Each structure stands twice: as structure tokens, then as C-alpha cells.
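Numbering (the numbering used here), first residue to last: -14 to 299.
If you want it as C-alpha cells, here you go:
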């Protein structure tokens, strides 16, 4: 018996949208689109995050994921997204204009060496993250340490259940620990993979360099409890924690990918450029050419645009 052609349905939620192919009374293929905000220096971009791509095994090979993606892109534009990002596989997402845009940094240090970088602080405590108590302070520490990094998430206004929960790879959840000073004030946090066979640090923020050894101790204790030989820090090479670990034997690498892993595309060209104007102006003013003028016209498959710089403004 020939199966009927599945129907594409869209379900809207406060956090994002779900695009599904329905057949025989159930969803047989699905794409989730989250709404997030990404920092680009002082600018902010609305980002449509694609995830949860799935097709029922019995329905694979019929182009359902393609149909869901075809329906998802107009939805992103309708929602006012500037850009879209995802973690992709080779030979699939490039069909919709996605290209590799993110490198993957990591620092690896042996557990027996990392212990020399770990310290206790008298009167300080380590505890599990409690959103009701810690969320506001965690967001402040995040903005302080990561606010100027392009590509990081601006979590202001995001649902609490979405935050600080994802690990270093698909399907890996995370656990967050916080450091409190003797007065009970949260001064740092560390987010680690909830994996049994390895120890990975996916995020770390601290109010000062003094807190770093205490947060490193969390990773060392976790690694020793799991009898892991090493700890992997999925942090940029210039992150304060990685710079601190450089006093010991640590291997720092950055992996670049073609057509896979961290991928992205512009959804709204004009909107994206308008949104990043403040950051372009800031960079222009910091350059040695701020007194000069220029006009640059660029033509792309999404359309053309012109950048003009004069009077210290782009």
C-alpha cells in the first residue's frame, strides 16, 4: 500500500518553533528552531538555532528533512531572525546556504598536572547551581567575562530552563557548580559535561583571577573521581582559565571544519547589517583610518549592500 505524502505542520512556542512532517496520525520528521540572541561586540543579532533534526527510521530516504528545512527558512525570516546557526553534518546543510563559521577550541591537561593548578580558598564553598538563587548572578558573571566575545549567547531574557544545561556534544547534558565567598556571594561558576567516561569543561566564569584555582579544583576532583587521565577545556585560547593553565603543561588546539560542525548563514542581509552598524562603527573608530572615508559595495546571492564610513561612523 502506497503511503500518503506527509503534511508539513508548524507549532509555535514561546521559546521557538517546531516544523514537523505528519503522516498516519503522528510526526515522522522534525526540526526545532530556537530563538536566541548572539553577541557581536556591542551589537546583538537575533539568531534562529536549528536543532533536534530527526526522521523516523521507517520514513527515512523520502526527503522529509529537506521539506522541513524548506519550510523552516521562510519561518525564520517571518520571525525576524538576522542569522541562523546549527551543528551540521557534511553534504546536507550547504543546500540551504549554510557554511562552516565556528572553530572548535580546546585545551587538554593531564589530571595529575592540573591538580597543581587547583586550590582551596578558606571560607569559600562549592555547591550545585540553583537557578532560583543563582541565575541573576550567573548572568552577570557571564556578561562580564564573555560579553565582548563575538558569537557568544546573550542570555538576557532567555528562559531559565534553557540556560547552562548543554554539554560539549549532542546529547550530553551539563552540570553547573558555583563558588561562593565567605559571605555567600556567588563569585564564579563552572559547567561540566555529565559524562561517565570523560571530563569536559564547557564554560567557566569568575569575578576575578583569584577564583580560578577553586573552579579548576571542581574539574580536578571530578576527573580523579572518574579516574580520567585528562581534562578537556572547551574554551578559547585567550580565556582567562586557559591562560592560567598555561603555567603548567597544557596542549591548546583549535580545529576548523569544512561543511560540518558549527555552521551558519545570514537570513536577513539588510537587517543583519543594520544590527551590526554599532560594532562596525566601534571598530572603525578604534582603527587608524577613522579620519578617512570609504564606500564599499558588495553583491551577494542574497542581494547587494553598500557600506559607507565618514565622520567616525559606519
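All C-beta atoms in this analysis are idealised placements derived from N, C-alpha and C, irrespective of residue type, glycine included.
In this text the structure is predicted, and so the values were computed from the model without any measurement.
In three-state DSSP terms, what is residue i?
i: residue 147; result: helix
i: residue 267; result: helix
i: residue 163; result: strand
i: residue 256; result: helix
i: residue 129; result: helix
i: residue 299; result: coil
i: residue 45; result: coil
i: residue 222; result: coil
i: residue 55; result: helix
i: residue 140; result: coil
i: residue 245; result: coil
i: residue 174; result: strand
i: residue 287; result: coil
i: residue -1; result: coil
i: residue 119; result: helix
i: residue 5; result: strand
Among the options, whose alpha-carbon lies nearest the alpha-carbon of residue i?
i: residue 196; options: 248, 104, 213, 216; result: 104
i: residue 136; options: 18, 172, 30; result: 30
i: residue 98; options: 171, 214, 281; result: 214
i: residue -2; options: 47, 293, 269, 144; result: 144
i: residue 71; options: 112, 121, 18, 208; result: 18
i: residue 255; options: 267, 278, 289, 275; result: 289
i: residue 162; options: 75, 170, 203, 141; result: 203
i: residue 168; options: 96, 107, 225; result: 107
i: residue 77; options: 44, 38, 92; result: 38
i: residue 280; options: 270, 272, 291, 120; result: 291
i: residue 278; options: 122, 74, 293, -10; result: 293
i: residue 221; options: 236, 210, 100, 248; result: 236
i: residue -10; options: 9, 1, -4, 3; result: 9
Tell me whether the beta-carbon of residue i lies closer than 7 Å to the beta-carbon of residue j.
i: residue 219; j: residue 187; result: yes
i: residue 166; j: residue 109; result: yes
i: residue 68; j: residue 251; result: yes
i: residue 36; j: residue 21; result: no
i: residue 6; j: residue 49; result: yes
i: residue -7; j: residue 52; result: yes
i: residue 164; j: residue 124; result: no
i: residue 298; j: residue 266; result: yes
i: residue 27; j: residue 263; result: yes
i: residue 4; j: residue 57; result: yes
Strictly under 7 Å for the Cβ-Cβ distance: is residue i near chain D by that measure?
i: residue 162; result: The structure shown contains no chain D; it is built from a single protein chain.
Do three or more CB pairs link the stretch 180 to 191 to the stretch 150 to 158 at distances below 8 Å? yes
Scan the stretch 73 to 106 and note each continuous beta strand (DSSP E) run of 3 residues or more that stays entirely inside, going in chain order. 89 to 95
Three CB pairs or more closer than 8 Å across the stretch 59 to 67 and the stretch 215 to 233: no
Any alpha helix (DSSP H) of 4 or more consecutive residues that is wholly inside the stretch 180 to 212: 197 to 210
Specify whether the stretch 237 to 250 and the stretch 85 to 100 touch according to this definition: at least 3 beta carbon pairs, one from each stretch, less than 8 Å apart. yes
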